[in-house]
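Sequence positions in the sequence shown follow the working numbering and run 20 to 119.
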Amino acid sequence: MHPYLITAKPGRFRRTLTAVRVWTVRILALAVMTVLGAAVLTVRCARPIVNYVATRAIYLELWAAQRIGRPPVSGFVGAGITDEFVAEFHRARRSATTNA
(Lines of atoms letter the chains of each structure in order from A and count residues from 1; the text may use other names and numbers.)
(Lines give C-alpha, C1' and ligand atoms only; values in the text may rest on other atoms or scores of the structure.)
Protein backbone atom coordinates (compact mmCIF):
# COMPACT_ATOMS: atom_id res chain seq x y z
CA MET A 1 0.00 0.00 0.00
CA HIS A 2 1.36 3.40 -0.90
CA PRO A 3 1.36 6.09 1.78
CA TYR A 4 -0.25 8.71 -0.47
CA LEU A 5 -3.40 6.59 -0.80
CA ILE A 6 -4.17 6.97 2.90
CA THR A 7 -4.24 10.77 2.83
CA ALA A 8 -5.57 11.24 -0.67
CA LYS A 9 -8.72 13.33 -0.96
CA PRO A 10 -11.67 12.03 -2.91
CA GLY A 11 -11.96 13.47 -6.38
CA ARG A 12 -14.02 16.52 -7.26
CA PHE A 13 -16.79 14.38 -8.77
CA ARG A 14 -17.13 12.24 -5.64
CA ARG A 15 -17.10 15.30 -3.36
CA THR A 16 -19.81 16.90 -5.52
CA LEU A 17 -21.96 13.77 -5.32
CA THR A 18 -21.50 13.63 -1.56
CA ALA A 19 -22.50 17.28 -1.18
CA VAL A 20 -25.55 16.78 -3.41
CA ARG A 21 -26.59 13.73 -1.38
CA VAL A 22 -26.17 15.54 1.94
CA TRP A 23 -28.16 18.58 0.78
CA THR A 24 -30.86 16.38 -0.76
CA VAL A 25 -31.35 14.57 2.55
CA ARG A 26 -31.42 17.89 4.42
CA ILE A 27 -34.00 19.36 2.05
CA LEU A 28 -36.16 16.22 2.25
CA ALA A 29 -35.95 16.28 6.05
CA LEU A 30 -36.97 19.95 6.06
CA ALA A 31 -39.89 19.18 3.74
CA VAL A 32 -41.08 16.33 5.96
CA MET A 33 -40.81 18.52 9.07
CA THR A 34 -42.73 21.31 7.31
CA VAL A 35 -45.55 18.99 6.22
CA LEU A 36 -45.82 17.41 9.67
CA GLY A 37 -45.76 20.83 11.31
CA ALA A 38 -48.53 22.05 9.04
CA ALA A 39 -50.61 18.94 9.80
CA VAL A 40 -50.14 19.36 13.56
CA LEU A 41 -50.98 23.07 13.36
CA THR A 42 -54.13 22.29 11.37
CA VAL A 43 -55.26 19.68 13.88
CA ARG A 44 -54.54 21.97 16.83
CA CYS A 45 -56.37 24.88 15.23
CA ALA A 46 -59.37 22.69 14.41
CA ARG A 47 -59.58 21.28 17.93
CA PRO A 48 -61.74 24.07 19.42
CA ILE A 49 -64.11 23.77 16.47
CA VAL A 50 -64.36 20.00 16.92
CA ASN A 51 -64.95 20.44 20.66
CA TYR A 52 -67.70 22.99 20.00
CA VAL A 53 -69.40 20.78 17.41
CA ALA A 54 -69.17 17.76 19.72
CA THR A 55 -70.66 19.74 22.61
CA ARG A 56 -73.53 20.95 20.43
CA ALA A 57 -74.12 17.40 19.18
CA ILE A 58 -74.29 16.11 22.75
CA TYR A 59 -76.82 18.80 23.69
CA LEU A 60 -78.85 17.99 20.60
CA GLU A 61 -78.81 14.30 21.46
CA LEU A 62 -79.84 15.00 25.06
CA TRP A 63 -82.69 17.18 23.82
CA ALA A 64 -83.82 14.45 21.40
CA ALA A 65 -83.54 11.80 24.14
CA GLN A 66 -85.75 13.90 26.40
CA ARG A 67 -88.36 14.30 23.69
CA ILE A 68 -88.36 10.61 22.79
CA GLY A 69 -88.09 9.39 26.37
CA ARG A 70 -85.09 7.12 25.86
CA PRO A 71 -81.62 7.35 27.40
CA PRO A 72 -78.87 8.99 25.30
CA VAL A 73 -76.62 6.53 23.48
CA SER A 74 -73.44 8.65 23.49
CA GLY A 75 -73.19 8.41 27.28
CA PHE A 76 -72.91 4.64 27.12
CA VAL A 77 -70.56 4.61 24.14
CA GLY A 78 -68.39 7.42 25.53
CA ALA A 79 -68.09 5.76 28.94
CA GLY A 80 -67.04 2.47 27.33
CA ILE A 81 -64.44 4.14 25.16
CA THR A 82 -63.08 6.10 28.12
CA ASP A 83 -62.83 2.95 30.24
CA GLU A 84 -60.95 1.19 27.43
CA PHE A 85 -58.51 4.09 27.05
CA VAL A 86 -57.85 4.14 30.80
CA ALA A 87 -57.28 0.38 30.86
CA GLU A 88 -54.93 0.57 27.87
CA PHE A 89 -53.00 3.45 29.45
CA HIS A 90 -52.51 1.55 32.71
CA ARG A 91 -51.58 -1.62 30.82
CA ALA A 92 -48.94 0.26 28.82
CA ARG A 93 -47.62 1.99 31.94
CA ARG A 94 -47.27 -1.28 33.84
CA SER A 95 -45.48 -3.03 30.97
CA ALA A 96 -43.14 -0.07 30.44
CA THR A 97 -41.90 -0.06 34.05
CA THR A 98 -41.13 -3.77 34.30
CA ASN A 99 -37.43 -4.46 33.87
CA ALA A 100 -37.52 -8.22 33.57
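C-beta atoms are modelled at their ideal positions from N, C-alpha and C, and glycine is treated no differently. If you're wondering where the values come from, they're calculated on a predicted model, not measured in any experiment.
Under the three-state reduction of DSSP output, residue 89 falls in the coil class, being neither helix nor strand. For the pair residue 98 and residue 39, the Cα-to-Cα distance works out to about 55 Å.
In terms of Cβ geometry, residue 93 and residue 68 do not form a close pair [threshold 8 Å]. Between residue 84 and residue 90, the CB-CB gap stays under 8 Å. Rounded to whole angstroms, residue 75 and residue 111 show a C-alpha spacing of 33 Å.
Judged by DSSP in its simplified three-state form, residue 30 adopts coil rather than helix or strand.
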